[in-house]
Amino acid sequence: MPNVGEIERLVSYFSRFPGMGSRSALRVVLHLLKRKNTVLRTVISSLSDLYNNCKVCEICGNIDVITPCAICSNKHRDSSTLCVVEGIADLWTIERAGFYNGKYHVLGNKLSAVEGITPDDINISGLYNRLAQGDIKEVIMALSADLDGQTTLFFIKDKIENLGVKITTLSQGIPIGSDLEYLDNGTILAAFSQRRGI
Ligand SMILES: [Zn+2]
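Residue numbers (the working numbering): 10 to 207.
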């Protein structure tokens with residue numbers, strides 16, 4: 010068994026993961042250690058595969074084993090509709106719901122005065138360049154319904170509205186203050202189908 014220092018180091022590391030406190034981190038670490046030859050071995054192998062094979066898509070910012078990613082290179086998807094999301098978890102939430110057939114653009118973050126996240130920290134120039142090519146007719150801004158998400162939405166709108174692309178945003182169904190990634194499929198579908206121009 011590893012010594013206590015090694016366990017504490019791992020717990021401290023895990024406790025910095027999103028949504029994980031020190032108590033949950035300790036539970037996860039002990040769970041892994043108790044199942045060293047089954048779960049831990051599989052997790053190590055999966056992490057190794059992830060490290061060696063995952064790539065950030067050069068077009069949309071999604072993560073896949075190829076770049077451009079499977080979504081960007083899929084010719085059956087609608088290239089005239091672009092859904093802008095804050096993070097990859099949002100993209101995967103929309104994909105899981107299974108109704109959207111356009112392409113995506115991952116910003117990687119949202120503007121936040123509190124956390125010091127500025128326009129330089131989000132992939133707006135990549136979005137602008139894609140739109141400037143002229144193939145995209147509608148941009149769906151699928152950002153969270155909190156202050157930072159809405160600030161980001163209107164900042165981007167100001168930047169891209171001179172390009173003449175239709176800009177819509179998700180409508181009813183998104184509770185105020187909520188992150189997209191936690192919504193169920195039905196709520197996501199309702200929000201998309203009732204989107205409105207801004
Ligand atoms: Zn992509």
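Built from N, CA and C at the ideal position, the CB exists for glycine as well. Computed from a predicted model, the values in this text were never measured in an experiment.
For I103 and T51, the rounded distance between their alpha carbons
Rounded to whole angstroms, T51 to I103 spans 28 Å at the Cα level.
Pocket of ligand 1 (residues with CB nearer than 6 Å to any heavy atom), chain order:
After applying the 6 Å Cβ criterion, the set is C66, I68, C69, N71, P77, C78, I80, C81.
Could you tell me how far apart the beta carbons of G70 and R86 are, in whole angstroms, since I believe they sit closer than 8 Å?
In fact, because the Cβ distance is near 16 Å, the residues do not count as touching under 8 Å.
Report the three-state DSSP secondary structure of T177 (helix, strand or coil).
Strand at T177.
Measuring straight from C-alpha to C-alpha, what distance separates E15 and N61?
CA-CA distance, E15 to N61, rounds to 25 Å.
Quick check on the DSSP output: the alpha helix (DSSP H) that includes G195 runs from which residue to which?
Residue range 194 to 202 is occupied by the alpha helix (DSSP H) that includes G195.
Among R32, T90, Q142, whose alpha-carbon lies nearest the alpha-carbon of V148?
Here the closest residue by C-alpha is T90.
With 7 Å as the threshold, decide whether the Cβ of L59 is near any Cβ in chain B.
Protein chains in the displayed structure number just one, and chain B is not present.
I need the straight-line Cα distance from V74 to N46, nearest angstrom please.
A direct Cα-Cα distance of roughly 27 Å separates V74 from N46.
Since I165 and M150 are thought to touch, with beta carbons under 8 Å apart, how far apart are those beta carbons, to the nearest angstrom?
About 7 Å separates the two Cβ atoms, so the contact holds.
For M29: DSSP bridge partner residues
DSSP lists no partner for M29.
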